[in-house]
Structure formats: C-alpha cells, structure tokens
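Read through the structure below, which is laid out as structure tokens, and then see the notes.
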Amino acid sequence: MSPDVFISYSRENQQEVIKLVEYLRGKGLSVWMDESDIHGATLWTKEIVEAIRACSLFILAISRHSTSSKNVVKELALASEREKIILPVYFEQCEIPETMEYQLAGIQNIAFYSLEKSKAHEFVYQTVRKLGVGESTLEGKVLDQIGTTSKPSAGHMPLPKSKSSVIKWAAIASGVIIFCIASFLLTKIDKNEYEKPASQTLSLTDSKARIALLPIEVNAAREEDKWVGGGMGTQLKAAINKLNGVTIISGVSVNAYRGSERDINKIRENLNVNYIIDSELAVTGQNVTAIFEFIDAQNSKKLWTETYEKNIESIFNVKSEVATKIAESIGIKVEAETAKAINQKSTKNAEAFKLYTQGRNLWFTRTEADMRQSLKLYNQAIKLDSEYAEPFTGIADSNSMLVQYGF
C-alpha cells in the first residue's frame with residue numbers, strides 16, 4: 003500500500019519523530035519512515051526513492067542536524083521534483099542552507115517547537131488532513147473528531163501546491179489567520195545560505211564572524227517605494243559576503259525578528275551570531291535616509307550607528323562604506339581586490355535594478371498573479387540592460403515555481 007506520508011529526518015531527531023509518527027499512525031494515516039539504521043547506504047537508493055514516489059505528502063523534520071544531512075537534502079530535492087506536497091515541520095529554530103532554499107522558498111510551515119506539547123501532534127495531524135491527505139482511509143469518523151478538537155495555539159501551514167487544492171485552502175484560510183494572530187511564528191522559507199556539519203555545534207568562538215542582517219524596515223508614504231528595502235538588503239548582503247572571515251545570516255533565518263520581535267538575546271541564542279546589523283530606511287519622493295546600526299550580540303552594545311542621506315539612485319552605493327566599516331570593526335583587512343569586488347555593480351541601470359528587485363519581491367509571495375507579474379518586470383529589466391544577469395535567473399525561478407505550483 004502506498005504511504006500517505008513520507009517523513010524525512012536525521013538520526014539525532016529520531017525519538018521525537020517516532021512519537022509523531024506513532025501519533026499519525028494512531029489516527030489512521032499510513033506513514034513511511036526509515037526505522038532501521040537511518041539512511042543506510044543500501045536502503046537509500048531504492049526503498050526511499052520508491053517511498054517518496056508513492057507518498058502523497060512529504061514531511062521535512064527541520065533541525066540543525068537534518069539541514070546539514072546530505073541524504074535529507076536529496077530526499078527533499080526528489081520530493082520537489084516529483085511535485086509532492088511538502089510540509090516543513092521545525093523541531094527547532096535554525097538556518098536553512100542554500101541546498102534547501104529553492105525547494106522551501108515561500109512554503110509556510112509548522113513551528114512544532116513552539117507549540118504546546120499536548121497539542122503539537124494533533125496540530126500536525128490536522129494540517130495533514132486539511133491538505134487533503136489520507137481522505138481515502140479516514141473520511142468519516144476522523145473528520146468529526148477534527149471538528150470537535152480544540153484549536154492549537156499556534157503554527158503555520160504551507161501554501162497550496164496546485165489549483166486542485168485552492169478550494170480546500172479557502173476553507174481553512176480563516177484558521178490560518180487565527181493562528182497567525184495568536185502567535186507570530188514567522189519562519190517563512192525564502193532563500194539563503196549557510197551550512198555547518200551536523201557533528202559540529204556552532205559557537206561564538208568559531209573562526210568566522212557570524213553576522214545577522216535583520217529585515218530592513220522601510221517607512222514610505224507610497225507602497226511602491228518600499229522596494230528600496232529589498233534592494234538595500236540584497237546589495238548589502240552581497241557586499242558583506244565578499245569579506246573574508248564573515249558569514250552573513252539573512253533571509254528566512256532572520257524573518258522572525260521583525261519590529262517588536264527584535265530581541266537581541268533571542269537572536270544571539272537562536273542564530274548563534276556574533277554581530278547584528280539593524281537597518282531602517284525612510285523614503286520621501288526621490289530622497290532616502292538610511293540608518294545602520296552595528297550591534298555586538300554578546301552584550302547588546304551598539305558599536306556604531308551611521309546615517310546616510312541620498313537619492314534613490316545613489317543610496318545603494320553606501321553598501322561599500324557599510325561593509326568596509328563592518329570589516330574594520332571586527333578586525334578584517336579589506337584587500338584591494340576585495341574592495342573592488344564590493345564596489346562592483348551588477349547593473350549600472352538604476353531602473354533595471356528597481357524592476358528586478360520589485361520582481362523578486364513579487365516572486366516571494368508565490369501567488370500566480372504576482373509570479374506572472376514578476377516575469378513582466380524581469381523582461382522589462384532585460385530590455386533596459388541585456389547584460390544584467392539577475393533578471394534571467396529571476397525568469398527561470400518564476401517559470402519553475404509556476405510549474406511546481408501547478409499554475
């Protein structure tokens with residue numbers, strides 16, 4: 003019999019996963035997991051591939067161990083290629099490496115670690131059922147149980163994978179809103195960066211300085227001007243990434259720390275960072291005021307604050323000054339070659355850059371209308387600068403996601 007659910011996990015989380023699997027099986031779901039020697043060499047190539055091919059839903063048990071497991075990465079890639087419904091379940095708050103970013107970008111998830119223990123397993127089960135999995139074996143009695151079960155306190159559920167699931171998702175949209183209001187557990191998957199071997203525990207004494215680039219707050223009267231924040235984040239991240247001895251943490255890993263959630267102690271503990279960059283932009287017409295704070299995560303002390311006032315076309319040039327100042331603060335020498343790389347622009351056409359950034363912002367929403375609109379913006383950017391590489395990448399990403407989501 004084909005399994006309803008395939009669950010991918012690492013050995014370190016086996017006991018927690020077994021408890022979840024036993025609960026789901028007790029509810030009547032058919033769940034496949036490797037219950038022998040996790041990911042044995044002979045097992046992976048055939049049985050796991052067949053189980054993923056046959057399953058309806060792929061649950062990814064996310065932890066710092068599973069995200070650094072090559073076999074888990076392969077399983078996720080295979081599930082994505084097979085267009086399986088993917089449900090990320092966070093067993094702890096951790097970073098998403100580049101090897102998983104593409105498959106998980108924009109997919110909502112369950113913050114399992116934050117749920118009440120008495121309700122966590124039931125919440126996963128209800129989410130699986132609401133995704134339409136297990137209907138053939140559970141249609142009557144279990145649905146009645148779901149209707150009378152008390153609501154979980156928090157969590158997120160993934161976006162619909164295809165048009166066939168839109169109706170079901172409309173029915174549960176109000177529930178998602180309630181969950182979001184109940185607790186802001188934003189760990190949404192967007193695209194970034196980093197991996198450490200599972201056998202190593204990250205520490206603040208690692209040779210590379212780990213810097214968290216928090217989401218940039220944008221104050222703008224017009225909604226169309228808020229793209230500047232995304233553009234600045236992209237440029238600043240690219241510049242800092244060119245510094246030797248630095249690991250920049252951004253994207254999905256820091257999205258939970260917006261606004262009032264910017265607790266330095268939590269950021270330090272959860273992301274294991276040495277320093278934090280907190281930024282704010284104010285856009286008025288063509289003028290931009292940018293404020294950057296560089297914070298020592300160990301003691302929450304602001305090492306420096308810099309304010310820049312530029313027009314929209316030149317504001318992104320401050321990335322070089324900010325990156326250089328960061329390097330000086332942590333004792334990194336910026337060689338001439340590195341300085342040149344930091345100053346380099348992917349395009350000299352400001353309007354093309356704006357169009358690309360706006361397209362990327364739309365792409366992250368994962369809605370059909372926005373992804374199709376992003377294609378138009380990318381093509382407009384290419385018309386302005388045919389040598390600008392990023393829009394071509396954007397076109398490939400949008401087309402791929404449109405296919406993956408069944409649009």
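When the count follows my numbering, it moves up by one through the sequence shown with no breaks and lands on 409 for the last residue. Positions of the beta carbon are idealized from the N, C-alpha and C atoms, including for glycine.
- Looking at M35, I242, F296 and E389, the one whose alpha-carbon comes closest to that of S12 is M35.
- Spatial neighbours of D372 in its own chain (CB-CB distance under 6 Å, excluding positions within 5 residues in sequence) are listed in chain order as L364.
- For Y92, no alpha helix (DSSP H) run applies; the uninterrupted beta strand (DSSP E) run containing it begins and ends at I87 to Y92, by DSSP.
- Counting only runs of 4 or more residues that sit fully inside the segment 233-276, the alpha helix (DSSP H) segments are 266-273, in chain order.
- The DSSP assignment places complete alpha helix (DSSP H) segments of no fewer than 4 residues inside the segment 292-373 at 320-331, 338-345 and 352-365, in order along the chain.
- Here DSSP, grouped into helix, strand and coil, assigns D6 to coil.
- When secondary structure is reduced to three states using DSSP, V33 falls in the strand class.
- Within the same chain, Cβ atoms closer than 7 Å to the Cβ of K239 are found at L215, I250 and S252, the five residues on either side in sequence being excluded.
- Contact between I213 and V275 holds, since their C-beta atoms are separated by about 6 Å, short of 8 Å.
- Contact check for S10 against A63 passes: the beta carbons are separated by less than 8 Å.
- Boundaries of the alpha helix (DSSP H) around V130: K119 to K132.
- A straight-line Cα-Cα distance of about 7 Å links Q382 and A354.
- Closest by C-alpha distance to I317, out of G233, G333 and A56, is G233.
- Here I334 is actually not in contact with L273; their C-beta atoms are around 20 Å apart, not less than 8 Å.
- In terms of Cβ geometry, A299 and V320 do not form a close pair [threshold 8 Å].
- For V75, the enclosing alpha helix (DSSP H) begins and ends at K72 to E83.
- Under DSSP, E103 takes part in no beta bridge, so it has no partner.
- Residue pairing for S281: DSSP places it in a beta bridge opposite F294.
- For A56, the uninterrupted alpha helix (DSSP H) run begins and ends at V51 to A56, by DSSP.
- Around the C-beta of E97, 16 or more other C-beta atoms lie within 10 Å, and the residue is accordingly described as buried.
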